[in-house]
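Participant:
In mature numbering (1 follows the signal peptide of the UniProt record, and there is no 0), the protein residues as written are -24 to -1, 1 to 880.
1) Are residue 265 and residue 289 touching if we call contact CB-CB under 8 Å?
2) Can you name the start and end residues of the beta strand (DSSP E) that residue 336 belongs to?
3) Give the single residue among 368, 358, 214 whose Cα lies nearest to the Cα of residue 393.
4) Tell me the start and end of each unbroken beta strand (DSSP E) in the region 326 to 396 that is at least 3 residues and wholly inside, in chain order.
5) Start and end of the beta strand (DSSP E) containing residue 207?
6) By Cβ distance, which residues of its chain are closer than 7 Å to residue 603, with the 5 residues on each side in sequence left out?
7) May I have a chain-ordered list of the beta strand (DSSP E) segments no shorter than 3 residues that lie completely inside the region 69 to 140?
8) Could you say which of 400, 545, 688, 483 lies nearest to residue 375 if we only look at CA atoms?
9) Rounding to the nearest angstrom, what Cα-Cα distance links residue 195 and residue 151 in this structure?
10) Under 8 Å: do the region 723 to 733 and the region 626 to 635 share three or more Cβ pairs, one atom per stretch?
11) What residues match up with residue 519 in a beta bridge as DSSP calls it?
12) Hey, out of 335, 187, 444, whose CA is closest to residue 167's CA?
13) Which of the three DSSP states, helix, strand or coil, is assigned to residue 157?
14) Could you check if residue 189 is buried or exposed, using at least 16 other CB atoms within 10 Å of its CB as the buried criterion?
15) Residue 772 lies in the alpha helix (DSSP H); which residues open and close that run?
16) Under the three-state reduction of DSSP, which class applies to residue 563: helix, strand or coil?
17) Under the DSSP definition of a beta bridge, which residues are partnered with residue 215?
18) In the DSSP assignment, the beta strand (DSSP E) including residue 190 goes from what residue to what residue?
19) Contact check, residue 162 vs residue 138 under 8 Å by CB: the rounded distance?
20) Pull up the distance between the alpha-carbon of residue 248 and that of residue 218, whole angstroms please.
21) Does the region 558 to 571 come close enough to the region 520 to 531 to have 3 or more Cβ pairs within less than 8 Å?
22) Return the CA-CA distance between residue 397 and residue 339, expressed in angstroms with no decimal places.
23) Can you tell me whether DSSP reads residue 264 as helix, strand or coil?
24) Do residue 93 and residue 113 have their beta-carbon atoms positioned less than 8 Å apart in this structure?
25) With DSSP run on the structure shown, which of helix, strand or coil describes residue 256?
26) Are the CB atoms of residue 881 and residue 57 nearer to each other than 8 Å?
27) From residue 640 to residue 606, what distance separates their C-alpha atoms?
28) What distance in whole Å lies between the Cβ atoms of residue 227 and residue 204, which are believed to be in contact at a cut-off of 8 Å?
29) I need the boundaries of the beta strand (DSSP E) containing residue 910, first residue and last residue.
30) Any contact between the region 687 to 705 and the region 749 to 764? By contact I mean 3 or more CB pairs, one from each, below 8 Å.
31) By alpha-carbon positions, which one of 502, 741, 544 ends up nearest to residue 599?
32) What residue from 60, 355, 711, 330 has the CA that sits closest to residue 344's CA?
33) Fully enclosed by the region 486 to 512, which alpha helix (DSSP H) runs are 4 residues long or longer?
34) State the beta-bridge partners of residue 312 as determined by DSSP.
35) How many Å lie between residue 601 and residue 746 at the Cα?
Here it is in structure tokens:
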């Protein structure tokens, strides 16, 4: 035993001697001493920053085994701790303690982005690192001022200090960094002037100082930067004049001056920016015309935004003719004149997206629209008919166009054209600018009489058909009632079988790209909490480095098969109203990931109100036109999914995602399915007992979820009308009380009542108020306690496409009563669910003595509608007689014999 120990010790001694000899041969004595000094410096840095042994193991060679350490000839030249986590002790008192870097005399690069370094930057950092070429301190929670000593970093090529809380002025010493190519100071709280010394940074190619509080003018010396390709000064308080010298930077590709206070015209010298591809100068105080000389035929301009200014005149023909222009936003100005009538070679023109809304264009639509893939011309004064090439391409609301919905009033259009001494077609009616007469001329009486006769015959035939249909439906409903139909709102359940439990049976070839786990980690910053969007029921959503959203499924939790269910649904569904799936990552054992396209405007719950960039924390609300657009988009997407693919939907504000044009994209496809289990099997059985409707699919399975979807859709409509978010995301008693408090203010006979619950931030005129009123009325019909009496979704769609027809009289004074003669219309079909049978009236009268739960009377005074008359002190006979004729929705708390206790 002793001899064996001696042999082992001898071998170890020989190996140690061999290692020392080899290492000394590789590193001379000065290099070995430097290596030891640098290792000691790294250990000191490891301790001061609280780095974990997982990344920097203390007993190993830093150049070989430490993450983010780059060495050359045995010396440290690069440190990258981006996204590293501190130890538990290090998190208790994190500090910007990097004094040890002074001993790394060959350090070229230091990247600490997304590593928390609270406090100010040490002055010594600019004095000690003379060899540094790259310094990246983005997203580090740094405060205080930029050290003046940074001007001593003479070898610095790239400096990134964005997304912190830096204050004070920008030190002029930065102008001494003659080798600087990239300077990023964006998204801080810097104040004061832009140093004129920046004109000496002749090697600068990218300068970003956006989203600060800089003031003053742009130094004229900027025109001396020959290599500048990217200049972003947006989101400051810079003012005029815009230096004409900027036109000398012929290398410039991107110029962003958005959201400042520049005034006056665009400098004519901008025509010399022959390589410019993006020019953003919206939300300023620019005035004057856009000269055609600014846009020579050789221009490479692709993106131009001059929105929210005071520009006048016409859009020059030269701008329409730019071959590479793909996006133009000239909205919210005072542009006027006719649209050009140009003959463009479509083969040499890039399809473009134009936004010319909220201006004063007039005249007719021209063939120049053929070059556009999308154009917003709303809120102008265009007249005439809508040509075929504009349909589906142009948004034309609030104009003076014929045969198009939601146009301006005759009075508005006539006044506009008469003030400019221009001819007005009066929506196709005679007499020039005179509004169309209420009674026709004698020459038109024969046509009117003939139309009336034919219309009467058609109505009689239609009524005969409807009578037959009503009889058949009543017989079917009677049979169904005997089986039981008292089903309240219940969560939807997938009609298909159980979700797949493995990936073998699912073809992933058509489900986007396959990403690696390392790509997912890089895109999310190792799932940094700063990139977390929200925690969903089935998975967490993270924002990627590129415009994507990554959904993480934890297979160790109860949602093991949720990702397979979501992939299975997406493999069967391809619809433009769903959030596009870009790819997936299924290689990791503990987590599965789906990659979706990023929606710039988030979900409805976060987009209805947005915080303005001002000191008073005020909010900006979505306008009514956008809210109506969202409602229609949601309904079209829901209707198509339910009718065509039997897709269960999570109809609530948080699952209604909005792209850059506020088009609806439905998300959270698996959230509903993941919440459904055996506990809801009894509800699913009850849903299948609903009477068959025309929305039954081809498979023969009753779409029982439709009644619940209509109910949820009604809550979303109320959120759009009232601005009270959270109604659609909850079924708790407080939400029910909130609904019961709102519904009495929705009366089809009293428009003024609805103003008590309308979102106070909405700015609407009389016509728009009628649309808001109509949406509220439709919402109440969707919230009928009896699922069988809620309107079908296709009738809701027609109602929202023609909202004024919901609340205005159709043809005579009796139309408001919705008599049986009008039941053939979609409007009657929508409100047929509100008709009270004699049985319902008897039940309502019996419930009247129950206090607040009784059936509220309709067609009374405002105070009565607000609930003051729910006791038994009224004239019940006259009230019930009126209810038997009037169309008025039942309140949410109506008592019904066949309603079950758990319908909510």
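A virtual CB, placed ideally from N, CA and C, is assigned to each residue, including glycine.
Facilitator: Short version:
1) yes
2) 336 to 339
3) 358
4) 328 to 331, 336 to 339, 348 to 352, 357 to 360
5) 206 to 208
6) 696
7) 85 to 87, 110 to 112, 134 to 136
8) 400
9) 13 Å
10) no
11) 525
12) 187
13) coil
14) exposed
15) 769 to 777
16) coil
17) 237
18) 189 to 192
19) 4 Å
20) 15 Å
21) yes
22) 13 Å
23) strand
24) yes
25) strand
26) Since the first residue of the chain shown is -24 and the last is 880, residue 881 is not available in this structure.
27) 6 Å
28) 6 Å
29) Since the displayed the chain opens at -24 and closes at 880, residue 910 lies outside it and no answer follows.
30) yes
31) 741
32) 330
33) 493 to 500
34) 336
35) 13 Å
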